[in-house]
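A.B. asks: Heads up: the sequence shown runs through residues 6 to 306, numbered per my numbering.
The structure follows.
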Amino acid sequence: MANDIVREIEVLKEKRKAVILAHNYQPGEVQDIADFYGDSLELSRKAADTDADVIVFCGVDFMAETAKIMSPQKTVLIPEKEAECPMAAMITAEQLRKLKAEHPGVPVLSYVNTSAEVKAESDICCTSANLLKIANSIDSDEIIVTPDKHLANYLQTRVKKRIIPWNGYCPTHAKILPQHVMEQKKRHPEAKVLVHPECRLDVIELADEVTSTSGMVRYAKISEAKEFIVATEVGMLYRLKKDNPGKEFYPATELALCPNMKKINLHSVLISLRDMKHKVVLPEDIRKKARKAIERMLEIS
Ligand code: 13P
Ligand code: SF4
Numbered sequence: 006m007a008n009d010i011v012r013e014i015e016v017l018k019e020k021r022k023a024v025i026l027a028h029n030y031q032p033g034e035v036q037d038i039a040d041f042y043g044d045s046l047e048l049s050r051k052a053a054d055t056d057a058d059v060i061v062f063c064g065v066d067f068m069a070e071t072a073k074i075m076s077p078q079k080t081v082l083i084p085e086k087e088a089e090c091p092m093a094a095m096i097t098a099e100q101l102r103k104l105k106a107e108h109p110g111v112p113v114l115s116y117v118n119t120s121a122e123v124k125a126e127s128d129i130c131c132t133s134a135n136l137l138k139i140a141n142s143i144d145s146d147e148i149i150v151t152p153d154k155h156l157a158n159y160l161q162t163r164v165k166k167r168i169i170p171w172n173g174y175c176p177t178h179a180k181i182l183p184q185h186v187m188e189q190k191k192r193h194p195e196a197k198v199l200v201h202p203e204c205r206l207d208v209i210e211l212a213d214e215v216t217s218t219s220g221m222v223r224y225a226k227i228s229e230a231k232e233f234i235v236a237t238e239v240g241m242l243y244r245l246k247k248d249n250p251g252k253e254f255y256p257a258t259e260l261a262l263c264p265n266m267k268k269i270n271l272h273s274v275l276i277s278l279r280d281m282k283h284k285v286v287l288p289e290d291i292r293k294k295a296r297k298a299i300e301r302m303l304e305i306s
């Protein structure tokens, strides 16, 4: 049955001249049929570079929007309309305009986990992979950072600038507590601890490495360690295990599951390609402004 769907997807992909991009948290069956899987930064680069006519984006809303921002001439499809990132929804363009008015002249660094409208109000974007590099490139002693307060708190510990955070957070990463990591460390004392910067600062403080999802894959590959405790969304374990046979990976907690990242499956990818849905559509003025913020990021990273 699954094999039949995979074959149908392959046929439709050819017919539509489509490419399938998938985030590292996507279900294994979706990663396995993707032409490319990766973190937000890698996926935004792929979306900008592909020569396919259609991009099927298996991830959440802001990722598919980023693909459309970078490749407006292509059709960008997201197989599940409701695959939304709750953190990205925690700040609106109106709220950001108000924050900017309270801090006139302070540059805005928005995490890529934001809507196109919020990106359009931002000076530059960053992802978990280039956060420090981008922040250090900004010629100002103060930076507004949206929407993730945990990412902003982490940044504040690493740069000499004053960080003005927005109060958003990732509900999935917020479930990871220091005691989860400590319990796993007791069980696996030799394991290295990999932490995503969306985690709370008291979890980040326990890390051997703070990095993006694909950064975790690279770290695990080159590390001499054989065991790793992984403080991020549990879907990451699939990718880590697949790329590192012979090494062991333990989730900090199984509670860290992002339901929005699990909405897409093989069936919805098939329907998406068959019926050409759901198309990402953005107003051109917003898209152009948002693109500037992403392009600035890509130039630096
Ligand atoms: P990465 O860019 O590290 O893949 O993270 C995206 C994300 O949504 C994490 O919750
Ligand atoms: Fe958004 Fe968090 Fe899910 Fe990532 S894990 S998509 S930040 S809710």
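Ideal Cβ placement from N, Cα and C applies to all residues, glycine included.
All values reported here derive from a predicted model rather than from experimental measurement.
Taking 7 Å as the cut-off, does the CB of SER45 come closer than this to any heavy atom belonging to ligand 1?
C.D. replies: Yes; taking the cut-off as 7 Å, the Cβ of SER45 has a heavy atom of ligand 1 nearer than that.
A.B. asks: Under 6 Å Cβ to Cβ from VAL113, same chain only, skipping five residues before and after it: list those, please.
C.D. replies: SER127, ASP128, ILE149
A.B. asks: Smallest Cα separation from PRO32: which of GLY43, LYS166, LEU82, GLU214?
C.D. replies: GLY43
A.B. asks: If we count the other Cβ atoms within 10 Å of its Cβ and call it buried at 16 or more, is MET92 buried or exposed?
C.D. replies: buried
A.B. asks: So the beta strand (DSSP E) THR80 belongs to, where does it begin and stop?
C.D. replies: 80 to 82
A.B. asks: Please work out which residues of its chain come closer than 8 Å, Cβ to Cβ, to GLY251, disregarding the five sequence neighbours upstream and downstream, and give them in chain order.
C.D. replies: LYS231
A.B. asks: Are the stretch 96 to 114 and the stretch 266 to 278 touching, with three or more C-beta to C-beta distances below 8 Å?
C.D. replies: Taking 8 Å as the limit for Cβ pairs, the verdict is that the stretch 266 to 278 does not touch the stretch 96 to 114.
A.B. asks: Using C-beta distances below 7 Å, list every residue in its chain close to TYR224, excluding the 5 sequence neighbours before and after it, in chain order.
C.D. replies: LEU199, GLU214, THR216
A.B. asks: Check TYR30 in the structure and name its three-state DSSP category.
C.D. replies: coil
A.B. asks: Check whether the Cβ atoms of SER277 and PRO109 sit closer than 8 Å, and answer yes or no.
C.D. replies: no
A.B. asks: Using DSSP with H/G/I as helix, E/B as strand and the rest coil, what is THR218?
C.D. replies: Of the three classes helix, strand and coil, the one that applies to THR218 here is helix, per DSSP.
A.B. asks: Would you grab the beta carbon distance between ALA298 and LYS166 for me? Rounded to a whole angstrom, and I think it's under 8 Å.
C.D. replies: The Cβ separation is near 18 Å, so there is no contact.
A.B. asks: With DSSP collapsed to three states, give me the class of GLU289.
C.D. replies: helix
A.B. asks: Taking the straight line between their C-alpha atoms, what separation do you get for PHE62 and THR80?
C.D. replies: 10 Å
A.B. asks: Of the residues ASN29, LYS18, ASN8, ASP9, which one's Cα is nearest the Cα of LEU242?
C.D. replies: ASN29
A.B. asks: Give a yes or no on whether 8 Å exceeds the smallest Cβ distance from ALA106 to chain B.
C.D. replies: Protein chain content of the structure displayed is limited to a single chain, and chain B is not contained in it.
A.B. asks: Just to confirm the assignment, what range does the alpha helix (DSSP H) spanning LEU242 have?
C.D. replies: Element bounds for LEU242: 241 to 248.
A.B. asks: Between ALA125 and ligand 1, is there a pair consisting of the residue's CB and a ligand heavy atom that are separated by less than 7 Å?
C.D. replies: no
A.B. asks: Residues bridged to PRO170 by DSSP?
C.D. replies: VAL150
A.B. asks: With distances taken Cα to Cα, identify the nearest neighbour of THR218 among ASP248, ILE10, ALA196.
C.D. replies: ASP248
A.B. asks: Grouping DSSP H, G and I as helix and E and B as strand, with all else coil, what is PRO109?
C.D. replies: Secondary structure at PRO109: coil, using DSSP grouped into helix, strand and coil.
A.B. asks: In whole angstroms, what separates the C-alpha of ILE234 from that of SER228?
C.D. replies: 13 Å
A.B. asks: Taking 7 Å as the cut-off, is the C-beta of THR177 nearer than that to any heavy atom in ligand 2?
C.D. replies: yes
A.B. asks: Give the single residue among PHE67, ILE74, VAL286 whose Cα lies nearest to the Cα of ASP54.
C.D. replies: ILE74
A.B. asks: Could you pull out every residue in the same chain whose Cβ sits closer than 7 Å to the Cβ of ASP207, ignoring the five residues on either side in sequence?
C.D. replies: PRO183
A.B. asks: By Cβ distance below 7 Å, which residues in the same chain neighbour THR71 in space, the five residues on each side in sequence not counted?
C.D. replies: Excluding residues within five positions, the ones whose Cβ falls inside 7 Å are SER49, ALA52, VAL117, ILE299.
A.B. asks: May I have the straight-line CA-CA distance separating VAL24 from GLU15, to the nearest angstrom?
C.D. replies: 10 Å
A.B. asks: Select from LYS284, SER133, ILE305 the residue whose C-alpha is nearest the C-alpha of LYS86.
C.D. replies: Minimum Cα distance to LYS86 is reached at LYS284.
A.B. asks: Expressed to the nearest angstrom, what Euclidean distance is found between the alpha-carbon atoms of SER306 and ALA179?
C.D. replies: 27 Å
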